[in-house]
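Be aware that the sequence shown starts at 420, since it is given in my numbering, and climbs by one per residue.
The beta carbon of each residue, even a glycine, is placed where N, CA and C say it ideally should be.
See below for the structure under consideration.
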Amino acid sequence: MRKIVIAGNWKMFKTQAETQEFLQGFLPYLDESPEGREVILCPPFTDLSLLSQSLHGSLIHLGAQNVHWEEYAAYTGEISGPMLTEIGVRFVIVGHSERRQYFGETDATVNLRVRAAQRFGLTPILCVGETKQQRDAGEAESVITLQLDKGLLDIDQNNLVIAYEPIWAIGTGDTCEATEANRIISLIRSKLSNPNVSIQYGGSVKPNNIDEIMAQPEIDGVLVGGASLEPESFARIVNFQSV
Ligand code: PGA
């Protein structure tokens, strides 16, 4: 059975004080959440410990935004799987386009991180997606296929979430048509050996488009940036109305 997985990617936003404030506003909304929705918050590293304590007993899972492939070593600025699992982190975003674009992540390092996540007991959320230029050139399918081929090398598809995030839709307000996202996600699913992998859509998901996105049969959840920073908007997304 494919699970519904809704994740908030806070990127480099929120101090601990702002995180506390968010929780106070957000947690009461979860009382209204329908059953069977997995909710994940992926804050900056400095908020993870605080959230881990504050979320104890709640239905929210914790996710990190990066993981290195070594257990410990001289890698300034990196973080390892055991450091994350020790404080209750269960998921980790890997291969986000901002990491690929600004921090030199390649399909090879993405694959190392996905494998490490699994080795250390985390569930990777592997992000794939094309640029506007690649889409306009008719290359979206081939780019995504290559990202999957390389990113999924030697990984266990029983412990995996995939996020389809067209880069041109991230942070732009320019959402991919729900039916088009559905088509690409169906293509991604056809490349997998495990039919039960949950596949999310990400890119300008907002309260006003979440119901339409989640009405698509192939879309199992969403990865949300900007709209996950405000309690009301993220709550509306988590509590989407099924049609
Ligand atoms: P956005 O970001 O919702 O702000 O477009 C999505 C993401 O980067 O995961």
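Check	Outcome
Let me check you understand the geometry: is the CB of residue 643 closer than 6 Å to at least one non-hydrogen atom of ligand 1?	yes
Which partner residues does residue 641 have in the DSSP bridge list?	425 and 620
Assuming residue 536 contacts residue 500 (C-beta within less than 8 Å), just tell me the rounded distance between them.	6 Å
Spatial neighbours of residue 577 within its chain, please: CB distance less than 7 Å, with the 5 preceding and 5 following residues excluded, ordered by chain position.	613
I'd like the span of the alpha helix (DSSP H) that includes residue 504, first residue to last.	500-504
Taking the beta strand (DSSP E) that residue 583 falls in, what are its first and last residues?	580-583
Let's see if you can read the secondary structure: which residues bound the alpha helix (DSSP H) around residue 440?	435-449
Sorry if obvious, but does the Cβ on residue 622 come closer than 6 Å to a heavy atom of ligand 1?	yes
Would you say the beta carbon of residue 428 comes nearer than 6 Å to a heavy atom of ligand 1?	yes
Since residue 425 and residue 657 should fall inside the 8 Å C-beta cutoff, what is the C-beta to C-beta distance between them, to a whole number of angstroms?	5 Å
Are residue 545 and residue 507 close, meaning C-beta to C-beta below 7 Å?	no
Suppose the cutoff is 8 Å on Cβ atoms and the five residues either side in sequence are ignored; what does the same chain contact list for residue 455 look like?	422 and 423
List in chain order: all unbroken beta strand (DSSP E) runs of 3+ residues lying wholly within the segment 543-627.	580-583 and 617-621
For chain C, is any of its Cβ atoms less than 7 Å away from the one on residue 451?	Absence of chain C from the displayed structure is noted, only one protein chain being present.
Nearest to residue 529 by alpha carbon, out of 447, 486 and 497?	486
Under 7 Å between the Cβ atoms of residue 531 and residue 488?	yes
Work out the CA separation of residue 557 and residue 471 for me, nearest whole Å.	43 Å
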